[in-house]
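Participant: Quick one: the structure is below, questions incoming.
Residue numbers (the working numbering), protein chains in the order written: chain Y, -10 to 475; chain B, -10 to 475.
This is the structure in structure tokens:
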């Protein structure tokens, strides 16, 4: 006679609580992969009906599993399996860049990775943008037709230099979700977030100045800074909480500006806690040092609420907050922005000198998308999908990658930071993976120093599929081979 | 009995040739404003039929008038009245900027002129762009819908960094009209021509360097150069033939780069003759000095053929040729380009760092417009309209403006350069004209030196109308008042 999973008892002693039995049973299903990471659990109501138990018992069981991080609730959606008890990889340690300047260029590597990406049939795990399937393309096309009809001269006219007024108002309105309290006059639109960063750096630095960044850091920031003749100080950064405050504090006397990707940093995935953000703003304000905050991933959060920005705590107008829709809506529209505090006039002027104005039509489309709630609708779906992706990718990596692997646990954004055993070169891994049509981003791309040789960035912006699972299996296998000296 | 105009004879001597009689008769009609500047003459066939004369007589009469610049033939269109014998204003003299650096800023004036332009009901004679009526907006909208349907992901994807391949191929193809012989690989697309200039200046200069420009010169170039920390040397420039070669030659030892608007220069309207272009390229090549050539008006020519570019003569790859469709098709699309010779890789990299890529959709639309001949069709109409406008505006200025007025005779482009008597301040004239809802661009905007106080730029991009005629009459009247100390 089979044991009923719900009524089975411990071999000896007191009878186990009913809710614990249910929890243990679900845990076993997760362990056996009957329920897999990212799967939705039955609703509490369904569990009650199916198992003939009370609401409070079912709720307690789910709380128990949640407290052990095996499942998690998502607002207006239900409970999901968030990790497997089988194998849990540790997160990478805080980065420890050397205290000296860069020695060699990582340019060739970056160029190579991006050139080879265009080979047909390559699985682009190196690309930090969402797949087309995740974008609301039909709705955007419709909005474009409406914009052409509505704008004077079909949107062929020059836009106001500071940017589409409706778009600026919407971004200002949106800033209330992170207590930004901006107005349309505080915002200048740009051709994407990198374009905003470029104007901000030109406004607050001069050739020969030094800026502080996180480590690892998005290579575009490194290249831009170098091209402007700036020295870059890469500071220790924790995979969960971001830049280390003590390190930043010590560096302050040498700095002209600071560039931080505060929320769901690319590539590390770190998100600065509120108290860190407040403290960074306080420190920089005390030294009158501008902070360029690239917050382009802040809207792609997996938790209950959007994280705050450093800009939230900016009273002195020293935070130049930047963002875009390039990672969430339409990279090719080139719509980004900055709220540059006391530098607003200067940035508007730089924009005028270097590009006159933004593309009229695409700004109008994004403005309308924000205004009529379509953007928030889209983001809700995008967040759910990416959260599930992040768990599924992480599980596969835990399953397939060799001993010694560490992995970030991003609570938002698009990318995982994976650290392998010290002896595994990810540049070598990249080369071998490309022979299998898989592109990944070696850690060496994200620094100007000799570090992160055994790390890499993997994007989970591609929808989960058997093909992705097999690709990660292949990468894991190739990493094992390198580890074993094959 | 009335004298037949055709058969009337000279008081004495030999009977006048019939063709000369016809020519004199038409001249009288122009003098009497029966035929006005810009009007189309009857076709030769019509003249023969109406006057009962032979084709060769009519043709000879028209040749006679053409040789005296009273009329002009336009390909596939016929003959037009090109000037009135009544009053012909001289062209301004070659500019004579001082040999020292700038003394004071013209920024406030520029800002003021552009801020006040947005007042409702202002007639924007200060604006150097075509009126909406001159743009093929319905066709552009249609092309946009097609582009969204055809591009992968509706044009939301990142574009190739160097720019839309089809667009680059079309620009290369187009370059054969001025013997440019470019290939798609030579071209980098940008967000308009100023954006191209910005990357070119960043590529070839460093803070503290000196560049040479024409004088007067488009203020955007002055402001951009200053913002990049460059010294600007304004060189003597002739209203017809452009920068003076001797002046450039003398300045060469101090220069890092040169920026010229070679064809239908804004604001002067000058167009460098081929031999000047060739010589400038030779001189600069000899000193290894890059030439940034802004050729954004070259396609708006009034003659038979598109003028060549300095790039035509560039063998060393030192000419960074720039252009856009902002003045001819769609300012708000932000589509421009550069063919930067040996600096192509560097410019591509700067574009990547500062803005990642261009707007995908608008580039595709322009590429298709060029590919299917719609752009050339549109340009043919635009050129005719602007040519007629230029003549009509010039005639009105000759009629209404006070003694001592000089005026440029541009053979292309959008603007007239008007020089008034020495004592007439165009800043004062601007202020008075604005009270009548008329905006003009004082000469002081186009220099960093204390000059051009009695000059101004007037755009003829607005369709000719009674309102424009009256506006020019008002400006003339106000100028007279200032001249008379009223």
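Quick reminder that beta carbons are idealized off the backbone N, C-alpha and C, glycines included.
Any idea if residue 141 of chain B is buried or exposed, counting beta-carbon neighbours within 10 angstroms, 16 or more meaning buried?
Facilitator: Numbered from 1 along the second chain, position 152 holds the residue referred to as residue 141 of chain B. Burial call: exposed.
Participant: Have a look at Y:402, Y:389, Y:206, Y:340 and flag the residue whose alpha-carbon is nearest the alpha-carbon of residue 378 of chain Y.
Facilitator: As a working note, residue 378 of chain Y is residue 389 in the first chain. Answer by Cα proximity: Y:402.
Participant: Which residues of the stretch 144 to 170 of chain Y have a Cβ closer than 9 Å to any Cβ of chain B? Give them in chain order.
Facilitator: Within the stretch 144 to 170 of chain Y, the qualifying residues are 144, 145, 146, 147, 148, 149, 150.
Participant: For the stretch 320 to 332 of chain B, list every residue whose C-beta sits within 7 Å of some C-beta in chain Y, in sequence order.
Facilitator: 320, 321, 322, 323
Participant: Which of the three DSSP states, helix, strand or coil, is assigned to residue 92 of chain Y?
Facilitator: Within the first chain, the letter at position 103 stands for residue 92 of chain Y. Confidence at residue 92 of chain Y is low in this model, with a pLDDT of 47, below 50, so the placement of that residue should be treated as unreliable; the coordinate-derived value is given next. Residue 92 of chain Y: coil per DSSP, three-state reduction.
Participant: In angstroms with no decimal places, state the Cα-to-Cα distance between residue 337 of chain B and residue 52 of chain B.
Facilitator: Residue 337 of chain B sits at position 348 when you count from the first residue of the second chain. Residue 52 of chain B sits at position 63 when you count from the first residue of the second chain. Going by the C-alpha atoms only, they are around 51 Å apart.
Participant: Can you find a C-beta in chain B that's less than 8 Å from the C-beta of residue 402 of chain Y?
Facilitator: Residue numbering aside, residue 402 of chain Y sits at position 413 when the first chain is read from its first letter. It does not: the Cβ of residue 402 of chain Y has no partner Cβ on chain B nearer than 8 Å.
Participant: Return the bridge partner residues of residue 430 of chain Y from the DSSP annotation.
Facilitator: The sequence position of residue 430 of chain Y within the first chain is 441, counting from 1. Y:446.
Participant: So the beta strand (DSSP E) residue 63 of chain Y belongs to, where does it begin and stop?
Facilitator: The residue given as residue 63 of chain Y occupies position 74 in the first chain. Note, residue 63 of chain Y: beta strand (DSSP E), 60 to 63.
Participant: From the DSSP secondary-structure annotation, give me the bridge partner or partners of residue 504 of chain B.
Facilitator: Nothing about residue 504 of chain B can be reported from this structure: the residues present for chain B run from -10 to 475 only.
Participant: Residues of chain Y with a CB under 7 Å from the CB of residue 198 of chain B: which are they?
Facilitator: Here the question's residue 198 of chain B lines up with position 209 in the second chain. Within chain Y, no residue comes near residue 198 of chain B; the closest Cβ sits about 13 Å away, beyond 7 Å.
Participant: Can we say the stretch 382 to 394 of chain Y touches the stretch 152 to 165 of chain Y, given the rule of at least three CB pairs closer than 8 Å?
Facilitator: no
Participant: Measuring only the C-alpha atoms, how far is residue -6 of chain B from residue 18 of chain B?
Facilitator: Translated into positions along the second chain, residue -6 of chain B becomes position 5. Translated into positions along the second chain, residue 18 of chain B becomes position 29. Confidence is the limiting factor: at residue -6 of chain B the pLDDT is only 45, short of 50, which leaves the residue's position unreliable, though a coordinate-based value still follows. Computed Cα separation, rounded: 11 Å.
Participant: Would a check of beta-carbon distances place residue 109 of chain B closer than 8 Å to chain Y?
Facilitator: Along the second chain, read from residue 1 onward, the residue named residue 109 of chain B stands at position 120. No, residue 109 of chain B lies away from the interface with chain Y (no Cβ there is under 8 Å from its Cβ).
Participant: Can you tell me which of the three DSSP states residue 330 of chain Y falls into?
Facilitator: Position 341 of the first chain, counted from the start, is the residue given in the question as residue 330 of chain Y. The answer is helix: DSSP assigns residue 330 of chain Y an H, G or I state.
Participant: Label residue 66 of chain Y either buried or exposed according to how many other C-beta atoms from any shown protein chain fall within 10 Å of its C-beta, with 16 as the threshold for buried.
Facilitator: Counting from 1 along the first chain, the entry for residue 66 of chain Y is found at position 77. With fewer than 16 Cβ atoms within 10 Å of its Cβ, residue 66 of chain Y is classed as exposed.
Participant: In angstroms, rounded to a whole number, what distance separates the CA positions of residue 335 of chain Y and residue 216 of chain B?
Facilitator: To locate residue 335 of chain Y, count along the first chain from 1; it is residue 346. To locate residue 216 of chain B, count along the second chain from 1; it is residue 227. One C-alpha to the other measures close to 11 Å.
Participant: Between residue 479 of chain Y and chain B, is the shortest Cβ-Cβ distance under 8 Å, so that the two count as touching?
Facilitator: Since the first and last residues shown for chain Y are -10 and 475, residue 479 of chain Y lies out of range.
Participant: Return the Cβ separation of residue 330 of chain Y and residue 350 of chain Y in integer angstroms, given the expectation that the two are a contact with Cβ distance under 8 Å.
Facilitator: Here residue 330 of chain Y corresponds to residue number 341 of the first chain, with the count starting at 1. Here residue 350 of chain Y corresponds to residue number 361 of the first chain, with the count starting at 1. Not really, about 29 Å apart at Cβ, beyond 8 Å.
Participant: Would you call residue 433 of chain Y buried or exposed, if buried means 16 or more other Cβ atoms sit within 10 Å of its Cβ?
Facilitator: For the purposes of this step, residue 433 of chain Y is taken as the residue at position 444 of the first chain. Flag for residue 433 of chain Y reads buried.
Participant: Just to make sure I have the definition right: I need the residues of chain Y whose C-beta is within less than 8 Å of the C-beta of residue 283 of chain B. Which are they?
Facilitator: Locating residue 283 of chain B in the second chain gives position 294, where the first residue counts as 1. Here the premise fails: no neighbours, minimum Cβ distance about 13 Å.
Participant: Note down, in chain order, all residues in the stretch 129 to 141 of chain Y with a beta-carbon under 9 Å from any beta-carbon belonging to chain B.
Facilitator: 129, 130, 133, 134, 137, 138, 140, 141
Participant: Around the Cβ of residue 104 of chain Y, are there at least 16 other Cβ atoms within 10 angstroms (buried) or fewer (exposed)?
Facilitator: Position 115 of the first chain holds residue 104 of chain Y. Per the 10 Å Cβ criterion, exposed.
Participant: How would you list, in chain order, the residues of chain B whose beta-carbon sits under 8 Å from the beta-carbon of residue 343 of chain Y?
Facilitator: As a working mapping, residue 343 of chain Y is identified with position 354 in the first chain. In chain order: 183, 184, 187, 213, 343.
Participant: Under the three-state reduction of DSSP, which class applies to residue 23 of chain Y: helix, strand or coil?
Facilitator: Locating residue 23 of chain Y in the first chain gives position 34, counting from the first residue. Residue state, collapsed to three classes: coil.
Participant: With a cut-off of 8 Å, does the C-beta of residue 47 of chain Y fall near any C-beta of chain B?
Facilitator: Walking along the first chain from the start, residue 47 of chain Y turns up at place 58. Closer than 8 Å: no.
Participant: Roughly how many whole angstroms lie between the Cα atoms of residue 72 of chain Y and residue 405 of chain Y?
Facilitator: One-based indexing of the first chain puts residue 72 of chain Y at position 83. One-based indexing of the first chain puts residue 405 of chain Y at position 416. Their Cα atoms are separated by approximately 15 Å.
Participant: Quick one: complete beta strand (DSSP E) runs, 3+ long, within the stretch 4 to 53 of chain Y?
Facilitator: none
Participant: Does DSSP put residue 189 of chain Y in a helix, a strand or coil?
Facilitator: Residue 189 of chain Y sits at position 200 when you count from the first residue of the first chain. Three-state result, residue 189 of chain Y: helix.
Participant: When you compare only the Cα positions, how much space is there between residue 63 of chain B and residue 374 of chain B?
Facilitator: Along the second chain, one-based indexing puts residue 63 of chain B at 74. Along the second chain, one-based indexing puts residue 374 of chain B at 385. Roughly 12 Å between the two C-alpha positions.
Participant: Which whole-angstrom value describes the C-beta separation of residue 203 of chain B and residue 250 of chain B, a residue pair presumed to lie in contact below a C-beta threshold of 8 Å?
Facilitator: Within the second chain, the letter at position 214 stands for residue 203 of chain B. Within the second chain, the letter at position 261 stands for residue 250 of chain B. Correct: roughly 7 Å between the Cβ atoms.
Participant: Rounded to a whole number of angstroms, what is the C-alpha to C-alpha distance between residue 38 of chain B and residue 257 of chain B?
Facilitator: As a first step, residue 38 of chain B is located in the second chain; it is residue number 49 there, counting from the start. As a first step, residue 257 of chain B is located in the second chain; it is residue number 268 there, counting from the start. So the alpha carbons of these two residues sit roughly 43 Å apart.
Participant: Rounded C-beta distance between residue 283 of chain B and residue 186 of chain B? I'm assuming under 8 Å.
Facilitator: Counting from 1 along the second chain, the entry for residue 283 of chain B is found at position 294. Counting from 1 along the second chain, the entry for residue 186 of chain B is found at position 197. The Cβ separation is near 6 Å, so the contact holds.
Participant: So, using beta-carbon positions, are residue 239 of chain B and residue 286 of chain B closer together than 8 Å?
Facilitator: In the second chain, residue 239 of chain B corresponds to position 250, counting from 1. In the second chain, residue 286 of chain B corresponds to position 297, counting from 1. No, these two residues do not count as a Cβ contact at 8 Å.
Participant: Taking the runs of the alpha helix (DSSP H) that are 4 residues or longer, which of them lie wholly in the stretch 306 to 361 of chain B?
Facilitator: 333 to 344, 349 to 360
Participant: Identify which residue in Y:146, Y:174, Y:86, Y:79 has its Cα closest to the Cα of residue 333 of chain Y.
Facilitator: Within the first chain, residue 333 of chain Y is the residue found at index 344, counting from 1. Checking every option, the nearest Cα to that of residue 333 of chain Y belongs to Y:174.
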